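What follows is one structure encoded as structure tokens, with my remarks underneath.
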Amino acid sequence: MKVFKIAENQGYAYSLESRDKNKIHLDSLVGYNSIFNHKIVHGTLIFHKVLKQFNYKKLNQYSIKIEFINAFKYDVPIQFNTKTICQKNFGLARINFLKKSLFEFENEKLKLVKIIKLKSINSNNKIRVLLNYLSWYVGMINPGKYSLINSINLVYNSNNLKSESLKIYSKKKPRYPIIHNRIEFDKFIVEFKTFIRPHLKKTNTRISKQVKNYALSTKIPVLILGASTGIGKEIFDIFKINNNIKIIASYNNNKIASNKKNINLYKIDIKNILKKIKPILNQYTNLRIYYFISPKILLTTNNASKIIEYKKFFIDIPIKIISLIPRNFNIEFFYPSTVFIDEKRDDDYTKSKIIAEQTLKKLDKKNIKINILRIDKINTKQNLDLLNTKNPSFIEKLNINKHYQKKIFFLKDKNSK
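Residue 222 in the numbering used here sits at position 7 of the sequence shown; the count goes up by one each step and never skips.
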């Protein structure tokens, strides 16, 4: 296997060269709040590095295609051969060499969207120039902000006429968040697919009168683990209106701002979570716990590192927290699950949630009341749904859904004795 590494300063330099200043490659906070949990390397830079190692002067003999399965980190060795590109022994891209010109979108009528006149370019730099324009077009023009490249197919076409104009063609696939594109320059054609990442629109975050009343009627202290982002933040914002209870909230990378006297904030990372939570559990004989600590979610299958991570976050830590609760204490424990498990998906995230549900239900006892809520598709920073940007926010859903209200606020069934 061949090996290379791309440092952050190389990524920054490439953003200047290609003019692709998509923040997912450059901004730590944007990277953290993406589904990858980190900044990612430009796909075209990976492609160029691989081509260079394979001596792309011989490309007139091949067409080469790279399909990206996942994103690459900076400053981590990248290994590759003629079939796969790996990082930390996980295959993140597939390579396909063909000894013929294979055009993926040959029968599609792509629309010409841009013609760029170029000055005389050294033959050794033509592919680099093509990839630079590809990266710039995807990251800054179409689809633009936070967009991702799914695949790149570079074809040498001896029938093409030499030209100093670079032409870009594009066509959005109906019903899918995928765009088919093609760039032509000189004897080369690059066909590439891109994903549209919709920007989350601001939704109505006004809390309904009913939900406010439930929050205000809460009498026991509330511990919200993971209150700085997503659903955890929305739950925190709801309980902030109650000045008569103690609210304990934890955060890690994203800070929480509050100067209210009844709110205690703790920075808790995964390494010392149990050490910091144990004193809190021992302090309150009656306590309601909301568990929103979560890694970034990827709907992948048989990803060994994700399987370990999900087990730790979704199963091991909640069980350990519950095991720390003294027997004579009365505790309410809220656990968010996923509606996806109803669809019998076989991805690692869903499977771990199924095991978590089954395990936690067994721990529901007289002194420990566990409410598990399967949450529908909603809009948060960790939104997994690329197809529907009209999903409600969690608060919008909570305002109108009585089942959500019952689970969140541990309301007693009217039919129960």
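Beta carbons: idealized from backbone N, C-alpha and C, even for Gly.
A quick note: this is a predicted structure, and the numbers were derived from the prediction, not measured.
- Tyr-550 is bridged by DSSP to Ile-587.
- Contact check for His-253 against Lys-303 fails: the beta carbons are separated by 8 Å or more.
- No Cβ-Cβ contact shorter than 8 Å links Ile-255 with Ile-300.
- Residue pairing from DSSP places Lys-386 in a beta bridge opposite His-395.
- DSSP links Thr-516 through a beta bridge to no other residue.
- Asp-484 counts as exposed, since fewer than 16 other C-beta atoms from the protein chains shown sit within 10 angstroms of its C-beta.
- DSSP lists Leu-363 and Ile-393 as the beta-bridge partner residues of Phe-410.
- As the crow flies, the alpha-carbon of Thr-444 is around 44 Å from that of Lys-341.
- Pairing Ser-385 with Ile-394 gives a Cβ-Cβ distance under 8 Å.
- By the Cβ test, the region 498–512 is in contact with the region 536–554, since at least three Cβ pairs between them sit closer than 8 Å.
- Scanning Glu-379, Ile-460, Lys-427 and Asn-374 for the CA closest to the CA of Ile-615 turns up Lys-427.
- If you draw a 10 Å sphere on the C-beta of Asp-563, you find 16 or more other C-beta atoms in it, and that means buried.
- Taking 8 Å as the upper bound for CB-CB distance, Thr-297 and Phe-320 are not in contact here, some 24 Å apart.
- Within the region 247–325, the runs of alpha helix (DSSP H) at least 4 residues long that lie entirely inside it are, in chain order, 258–268.
- Between Tyr-277 and Lys-314, the C-beta gap is smaller than 8 Å, which places the two residues in contact.
- Burial of Ser-230 is indicated by the presence of at least 16 other C-beta atoms within 10 angstroms of its C-beta.
- In its chain, beyond the 5 residues on either side, Pro-533, Tyr-550, Ile-585 and Ile-587 have a beta carbon closer than 7 Å to the beta carbon of Leu-575.
- Here Ile-293 is buried. Its C-beta has 16 or more other C-beta atoms within 10 Å.
- Between the region 539–546 and the region 516–530, the count of Cβ pairs shorter than 8 Å is below three; the stretches do not touch.
- Remark: C-beta atoms of Lys-568 and Phe-529 approach each other more closely than 8 Å.
- One thing to note: Val-344 has its Cβ no nearer than 8 Å to the Cβ of Phe-295.
- Judged by beta-carbon spacing, Pro-607 lies within the 8 Å limit of Ile-593, meaning their Cβ atoms are closer than that value.
- Distance from the CA atom of Ser-335 to the CA atom of Ser-380, rounded to whole angstroms, is 10 Å.
- In terms of Cβ geometry, Asp-235 and His-257 form a close pair [threshold 8 Å].
- In the DSSP assignment, Leu-244 is bridged to no other residue.
- Relative to the Cα of Val-554, the nearest Cα in the group Thr-565, Val-437 and Phe-283 belongs to Thr-565.
- Judged by beta-carbon spacing, Tyr-429 lies beyond the 8 Å limit of Gln-573, meaning their Cβ atoms are not closer than that value.
- Excluding residues up to 5 positions away in sequence, Pro-436 lie with their Cβ nearer than 6 Å to the Cβ of Tyr-499 in the same chain.
- Beta-carbon to beta-carbon, Glu-399 and Lys-377 are separated by about 11 Å, too far to satisfy the 8 Å threshold.
- As computed with DSSP, Val-437 is found in a beta bridge with Ile-462 and Arg-503.
- Per DSSP, Tyr-481 is one residue of the beta strand (DSSP E) stretching across 478–482.
- Under the DSSP definition of a beta bridge, Ser-380 partners with Lys-332.
- Annotation for Lys-617: the continuous alpha helix (DSSP H) segment containing it runs 617–623.
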